[in-house]
Structure formats: structure tokens, C-alpha cells
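**Student:** Here it is: the structure, laid out below.
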Amino acid sequence: MKTKYKIIIAAIVVLVVVVTLVLINTMNKEIDEKGNNQNNESQMNVNSAENENIENVDNTQNEIENNLNETIESNNSNETEQTSNTETQGKSNKERAIEIVMNDWGEDDSVYFDYVERDGKNTVVVRNKNTTYEIVTYIVDLSNGTFEIE
Numbered sequence: 127m128k129t130k131y132k133i134i135i136a137a138i139v140v141l142v143v144v145v146t147l148v149l150i151n152t153m154n155k156e157i158d159e160k161g162n163n164q165n166n167e168s169q170m171n172v173n174s175a176e177n178e179n180i181e182n183v184d185n186t187q188n189e190i191e192n193n194l195n196e197t198i199e200s201n202n203s204n205e206t207e208q209t210s211n212t213e214t215q216g217k218s219n220k221e222r223a224i225e226i227v228m229n230d231w232g233e234d235d236s237v238y239f240d241y242v243e244r245d246g247k248n249t250v251v252v253r254n255k256n257t258t259y260e261i262v263t264y265i266v267d268l269s270n271g272t273f274e275i276e
């Protein structure tokens, strides 16, 4: 009888081990399936978030490019205005007044042009280089590029 009990106990132990292994295997499969489903859902969420981020980046890039283009267009417009102003404003009143008088007087190595501001008026005196004697005085209107001779 002792041998029968030993065989029965051994069979029960083997049966318990087999049942345990089957349960463990089944549980592992369920865990793997749940993990895969969760990974798939997570991957889908990640992909969705990445797509949204890419769209946001694209939208932001488009906004930046539009703003940059508007700024460039505005700057080009301002540069055009400033260029015409700079051509005139790049020179001092003295330089502009003397230039107007020199254009009227013409080439003459025997004179020099002396700028004086009198009573708020731009005055250019043409003087003899040797004697510094005043030959003629121009009152120059820089706003319209004209002059009067005194």
C-alpha cells in the first residue's frame, strides 16, 4: 500500500505542477495580449500626438514665414522711402547748400565757398582764394533746391 500512496502522491504532484505550468502560460499570454493592445493604443496616441505636433509646427512655420515676408515687404517699402530721404539727408545742410551754389557758379579754381547760417537761412558766400574778398552771397532754400543772390 505504501507504493500505491507514493504513486498517487507523485501523480498528484505531477498534476499540480502541470496545472500550475498551464495556468502560468495562460496568464503570460493574456498579459502579452493586454500589453500589446496597450502598446498599440499607446503607439496610436503617440502617432496622433506626433501628427498634431507636426501640424502645429507646420502652422507655426507658415505663420513665421508670413510674418517674415510682411516684415521684409514693409522694410523694402521703408528702405525705398529712406533711400530717397537719405540721398538728401545724408549730406549736411552746409554740404547741400554749397553743392547748389557750386552747380550754379561752375568750375572756378580761384574761389572757395564759405557756408554761414544767418537768421536761420543757409547762406553761401563765394570768396576769392587769394584775397578772401566776398564776390557774391547766395541765400539757399534747401527745401526746394533754389537760391537768391544778394
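For the sequence shown, position 104 (counting from the first letter as 1) is numbered 230 according to this note's numbering, and the numbering increases by one without interruption. Positions of the beta carbon are idealized from the N, C-alpha and C atoms, including for glycine. If you're wondering where the values come from, they're calculated on a predicted model, not measured in any experiment.
(1) Exposed or buried, what is TYR256 when buried is set at 16 or more other beta-carbons lying within 10 Å of its beta-carbon?
(2) Select from TYR238, VAL252, TRP231, VAL266 the residue whose C-alpha is nearest the C-alpha of ASP245.
(3) Between the alpha carbons of THR129 and VAL140, how many angstroms are there, rounded?
(4) Kindly indicate which residue of SER269, TYR241, TRP231 has the alpha-carbon position closest to the one of LYS220.
(5) If you compare alpha carbons, which of GLU156, ASP158, ARG222 is closest to VAL126?
(6) Tell me, to the nearest whole angstrom, how far the beta carbon of ILE226 is from that of GLY271; I am working on the premise that it is less than 8 Å.
(7) Note down the Cα distance separating GLY232 from VAL252, rounded to an integer number of angstroms.
(8) Jot down the residue ranges of each uninterrupted alpha helix (DSSP H) in the region 204-269, minimum 4 residues, whole runs only, in chain order.
(9) In three-state terms, what does DSSP make of GLU274?
(10) Since PHE273 and ASP235 should fall inside the 8 Å C-beta cutoff, what is the C-beta to C-beta distance between them, to a whole number of angstroms?
(11) Buried or exposed for THR209, going by 16 or more other Cβ atoms inside 10 Å?
**Tutor:** In brief:
(1) The sequence shown places Asn at residue 256, rather than the Tyr named in the question. When all chains shown are included, ASN256 counts as exposed.
(2) VAL266
(3) 16 Å
(4) The candidate whose alpha carbon is nearest that of LYS220 is TYR241.
(5) The question about residue 126 has no answer here: the residues shown for the chain are numbered 127 through 276.
(6) 6 Å
(7) 11 Å
(8) 219-231
(9) GLU274 sits in a strand when the DSSP states are folded into three classes.
(10) About 22 Å separates the two Cβ atoms, so there is no contact after all.
(11) Summary for THR209: the model assigns pLDDT 46, below 50, so the residue's position carries little reliability, and this model does not support an answer.
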